[in-house]
Amino acid sequence: MKNVFLTAVMTLSAGLQAFACTNFIVTRGASKSGACLISYSADSHVLYGELYHYPAALHQPGDMRKVYEWDSKKYLGEIPEAKETYNVVGNMNEHALAIGETTFGGRHELHDTSGLMDYGSLIYIALQRAKTAREAIKVIANLIEKHGYCSEGESFSIADPNEAWILEMIGKGSREVKNAKGKPFAKGAVWVAVRIPDGYVSGHANQARIQTFPLADGKKSITARQMNKNFPASAEVVYADDVVDFARACGYFSGKDADFSFSDTYNPVDFGGARFCDARVWSFFKDVNDDMQPYLDYALGHNLKHRMPLYVKPNRSLGAEDVAAAMRDHYEGTPMDMRTDVGAGAYACPYRWRPMSWELDSVKYIHERATATQQTGFWFVAESRAPRTGGILWFAVDDAATSCLTPIFSCSTSVPECFAAGNGDMLTYSPTAAFWLFSRVTNFAYSRYNAMSADIIKVQQAFEEESRRLVDEAIRQAQREADPAQQVAMLTGLSTSRASHLMKRWQQLDSYLLVKYIDGNIKREKDGAFERTPHGACAPPLQPQLPEKFRRAIVTDNGETLKEWTEGK
13 MKNVFLTAVM
23 TLSAGLQAFA
33 CTNFIVTRGA
43 SKSGACLISY
53 SADSHVLYGE
63 LYHYPAALHQ
73 PGDMRKVYEW
83 DSKKYLGEIP
93 EAKETYNVVG
103 NMNEHALAIG
113 ETTFGGRHEL
123 HDTSGLMDYG
133 SLIYIALQRA
143 KTAREAIKVI
153 ANLIEKHGYC
163 SEGESFSIAD
173 PNEAWILEMI
183 GKGSREVKNA
193 KGKPFAKGAV
203 WVAVRIPDGY
213 VSGHANQARI
223 QTFPLADGKK
233 SITARQMNKN
243 FPASAEVVYA
253 DDVVDFARAC
263 GYFSGKDADF
273 SFSDTYNPVD
283 FGGARFCDAR
293 VWSFFKDVND
303 DMQPYLDYAL
313 GHNLKHRMPL
323 YVKPNRSLGA
333 EDVAAAMRDH
343 YEGTPMDMRT
353 DVGAGAYACP
363 YRWRPMSWEL
373 DSVKYIHERA
383 TATQQTGFWF
393 VAESRAPRTG
403 GILWFAVDDA
413 ATSCLTPIFS
423 CSTSVPECFA
433 AGNGDMLTYS
443 PTAAFWLFSR
453 VTNFAYSRYN
463 AMSADIIKVQ
473 QAFEEESRRL
483 VDEAIRQAQR
493 EADPAQQVAM
503 LTGLSTSRAS
513 HLMKRWQQLD
523 SYLLVKYIDG
533 NIKREKDGAF
543 ERTPHGACAP
553 PLQPQLPEKF
563 RRAIVTDNGE
573 TLKEWTEGK
């Protein structure tokens, strides 16, 4: 997700766009269910949380597709439509292919606004045209070659039931650059894609992560030209034919081809790239791999040469619930834990309002950028078990830490009303929209986070646990059904009913929190109900005092005025 404020704010630590969105990747050999998993949080202060739907369709020769920039909704042009397009719900299609992204920006001079394809269009068009991750890579590469690329540097997570890839790309700028033979490079983008080895996990969060990679050998590593002729199952790396030559022509790289690093060349890491971005990946890695503590100096932005590996082997198998937990991370228990300093307030809120970079007495400071963040529009964990019955988009809107995932099968032929596009927007409140309901509950919770978030998490965990059980049952039932149309109807029905139940449960939670925490008090509870006196009145509420740290701060700031006065003393 890129920043909509453009160049006016690019001086602020390379722009806020550099710190939006997070993706984690789990290969099938590292997952409990044998499915590939990817997660994605679409983080933007102006993005409305909704679930997109593109029905499957057949198209006639000459049919054209209009292309709109995902961020701005600006019309970019049109391209020929494919003969057949697949059903897409959110960021997953009926074949259980899923795609997510994070923007890394990279070298600003390589942003070419004259291209036709933005990163959002690449995602949703590839999902409509590809059945597998390898097909998606080919679709994306061919789209930018034919129609140009108009976004900044991007990292894409691409997964199907069998394998998961990271693809990183950046444009070629608007100025003409010539190769060693004096011929201009073709417009479009330079890119490289790496398959994550089975049994490993990876991630990216607004910092390019692919460094050196093996050059083409026709088997494990191939070029885009070779890919279009044959993309063998043995291939683990594929890249644009001119990815190294273009860097040389621009003066970005002068070493041996074997030493070429995509990240170091096109998105050199700086303090922000490590502390605001890669630190989120480090926090995920440290929870699943025992060898990540030595990389804390890099995550803090103190040792930029100590880059983390692109992928690590987890110490246990991970399920969708584990990936969801990683998406809810606030750096708890690390030096970056935001609950422990005065900025958290008296109720340990792990959030800081923007801007993230600030200055006091000519000294520059930062606020942390954790994985869970207040400006999330929507987020998901995509579980690619199998086509049709096994593509599950665990979907939620708003802040990952205090929102709740509900299962949406990727074969679904309709979208629940509470998530439907057009049901409200960022400037239009809708009482039937999940985004506004979750935003209201979460924003109330920020005022007394350490207490209210615990109440929210109880409901969240119960709903998600029940949903996982119902999903397994639904898949078993659908697989016993011989009629594919009936399978789809059954799974669409579960997707709709769970979303409806979630809305009702969160409406109840909204009322419960208001009653329990109104006016700074905390209502007492007994036997699952708010406590009353023997005569039926409200029992006296709890009124816990501020922590000592904050009482001392008040005394230091204004103690003489607030000191209790006793006559004669």
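The C-terminal residue of the sequence shown carries number 581 in our numbering, and the numbering is unbroken.
Cβ coordinates follow ideal geometry from the N, Cα and C atoms, glycine included.
In this model, Ser266 and Ala463 are separated by some 56 Å (Cα to Cα).
Secondary structure at Met239: helix, using DSSP grouped into helix, strand and coil. Judged by their CB atoms, Ala413 and Arg340 are nearer to each other than the 8 Å cut-off. With respect to the 8 Å criterion, Ala176 and Ile208 are classified as neighbours on the basis of their beta carbons. Separation of the CB atoms of Leu49 and Val335 is rounded to 5 Å, and the pair is thereby assigned contact status at 8 Å. With a contact defined as Cβ atoms closer than 8 Å, Lys190 and Ala261 qualify at about 7 Å. Assigned with DSSP and collapsed to three states, Arg292 falls in helix. When secondary structure is reduced to three states using DSSP, Pro306 falls in the helix class.
Non-local C-beta neighbours of Ser465 in its own chain, meaning closer than 8 Å and more than five positions away in sequence, comprise Ala413, Thr414 and Ala457, ordered along the chain. Using a Cβ-Cβ distance cut-off of 8 Å, the region 388-405 and the region 73-89 are not in contact, since fewer than three pairs of beta carbons, one from each stretch, lie closer than that value.
DSSP places Tyr323 within a strand segment (E or B) once states are collapsed to three. Buried is the label assigned to His216, since at least 16 other Cβ atoms lie within 10 Å of its Cβ. Around the Cβ of Asp411, a 10 Å sphere holds 16 or more other Cβ atoms; the residue is buried. Nearest neighbour of Lys158 by Cα position, chosen from Gly200, Glu180, His123 and Asp172, turns out to be Gly200. Judged by DSSP secondary structure, Pro496 falls within the alpha helix (DSSP H) whose first and last residues are Pro496 to Tyr529. Beta-bridge partners assigned by DSSP to His65: Val101.
Here Asn327 is exposed: its Cβ has fewer than 16 other Cβ atoms, across all protein chains shown, within 10 Å. In the DSSP annotation of this structure, the continuous segment of the alpha helix (DSSP H) that includes Ser275 starts and ends at Phe274 to Tyr278. Across the set Ile156, Pro399, Arg351 and Leu322, the C-alpha of Leu322 shows the shortest separation from the C-alpha of Gln219. Minimum Cα-Cα distance from Thr385 among the listed residues Met368, Glu579 and His120 corresponds to Met368.
Non-local C-beta neighbours of Val151 in its own chain, meaning closer than 6 Å and more than five positions away in sequence, comprise Ala138, Arg141 and Ala142, ordered along the chain. Contact between Tyr131 and Glu166 is confirmed by a C-beta separation of about 5 Å, below the 8 Å threshold. DSSP places Arg146 in no beta strand (DSSP E) but in the uninterrupted alpha helix (DSSP H) bounded by Ala145 to His159. Using a C-beta cut-off of 8 Å, the region 394-408 makes contact with the region 419-434, since at least three inter-stretch Cβ pairs fall below that distance.
Taking a C-beta distance under 8 Å as the contact criterion, Gly331 and Ser507 do not qualify as a contact pair. In terms of Cα proximity to Arg319, the closest of Met348, Ala286 and Gln520 is Ala286.
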